[in-house]
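Quick notes on the structure that follows.
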Amino acid sequence: MKIIVGNWKMYPATLPEASLIAQSSRRAVRGLKRTRVVVCPPFLYSERIGKLAGERFAVGAQDCFWEDVGARTGEVSAQMLAKLGLTHVIIGHSERRALGEKDDDVAKKVAAAIREKLTTIVCVGERVRDDGGAYFGLVGEQIDAAFSGIPTGASKRIIVAYEPIWAIGSQAVRAATPEDLHEMIVLIRKHLTRIFGKAAGFRIPILYGGSVDEKNAMGYLARGLADGLLIGRISLDKEKFTAIVRNAEALR
Ligand code: PGA
Numbered sequence: 171m172k173i174i175v176g177n178w179k180m181y182p183a184t185l186p187e188a189s190l191i192a193q194s195s196r197r198a199v200r201g202l203k204r205t206r207v208v209v210c211p212p213f214l215y216s217e218r219i220g221k222l223a224g225e226r227f228a229v230g231a232q233d234c235f236w237e238d239v240g241a242r243t244g245e246v247s248a249q250m251l252a253k254l255g256l257t258h259v260i261i262g263h264s265e266r267r268a269l270g271e272k273d274d275d276v277a278k279k280v281a282a283a284i285r286e287k288l289t290t291i292v293c294v295g296e297r298v299r300d301d302g303g304a305y306f307g308l309v310g311e312q313i314d315a316a317f318s319g320i321p322t323g324a325s326k327r328i329i330v331a332y333e334p335i336w337a338i339g340s341q342a343v344r345a346a347t348p349e350d351l352h353e354m355i356v357l358i359r360k361h362l363t364r365i366f367g368k369a370a371g372f373r374i375p376i377l378y379g380g381s382v383d384e385k386n387a388m389g390y391l392a393r394g395l396a397d398g399l400l401i402g403r404i405s406l407d408k409e410k411f412t413a414i415v416r417n418a419e420a421l422r
């Protein structure tokens, strides 16, 4: 089973545009057997787009807060997302970490999301790659921090997205190679099996994100051995996103 997640970030500018993109993404899953799609629009659009959720097409959010209700100006709780019928949430995206989110904030958000039975897509990734390999330690710490205290039984609702920051967005140095990804998957898997045990740790999907497009996507799935993709810019491009979803399905 491949999981293709669209992280729409703060796009598009209007709800009608958002609806069109969501309808197209939903059409992309028709007839699929081995691939599922999750789209994560801005909060404001999620109620409308959430109504399109169905088989192999889920709708999620890009963040959540750990308290259920409270005097927290501008925040949206995991509980609110769940009550709205959303099923997935991205937590710890590098663009949120860049705004000040720390590993322990991520841990609290993950715990809240799990409590609400949301499938929780936790983003990890290094800002730079140094020759000494310190980035391995950093990503390992992000994993350990995010899942400390999460019971093994909840691991079926966890997805990890490896997104090297240097490969994300229009300022990206370059996309990671499938080989860059593969060595990181080995490291992430090691941490996950240590936390959740072998069986559960091996079942947690690990996605790749960062400058994924219709040309490089298959390399991450086939050679990088990713269980799916977390796609930013290209998730808003109806044709290219559909092509990636269809190609993922065709992969054996
Ligand atoms: P990108 O974004 O595909 O536009 O690089 C990925 C992400 O930030 O999730």
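Residue numbers (this note's numbering): 171 to 422.
Positions of the beta carbon are idealized from the N, C-alpha and C atoms, including for glycine.
These figures come from a predicted structure and were not determined experimentally.
DSSP links H258 through a beta bridge to G230 and T289. Straight across, the Cα-Cα distance linking G307 with H352 is about 16 Å. The C-beta distance from L400 to V175 rounds to 5 Å, short enough to meet the 8 Å contact threshold. The beta carbon of S381 sits closer than 7 Å to at least one heavy atom of the ligand PGA. At least one heavy atom of the ligand PGA falls within 7 Å of the beta-carbon of R403.
If you draw a straight line from the Cα of D314 to the Cα of H361, it comes to about 7 Å. The shortest CA-to-CA distance from K287 to any of K253, D273 and A277 is the one to K253. Listed in chain order, the beta strand (DSSP E) runs fully inside the region 325-385 are 328-332 and 376-379, counting runs of at least 3 residues. At a threshold of 7 Å, H263 counts as near the ligand PGA, since its beta carbon sits closer than that to one of the ligand's heavy atoms. For I173, the shortest separation between its Cβ and any heavy atom of the ligand PGA does not lie below 7 Å. One thing to note: L190 has its Cβ no nearer than 8 Å to the Cβ of Y215. Around the beta carbon of K279, 16 or more other beta carbons sit within 10 angstroms, so the residue counts as buried.
Within the region 290-322, the complete alpha helix (DSSP H) runs of at least 4 residues fall at 304-317.
Between the alpha carbons of V199 and Q193 lies a gap of roughly 10 Å.
Note: T205 is bridge-paired with K172 in the DSSP secondary-structure output. Following the DSSP letters along the chain, one finds I404 in no beta strand (DSSP E), marked with neither H nor E.
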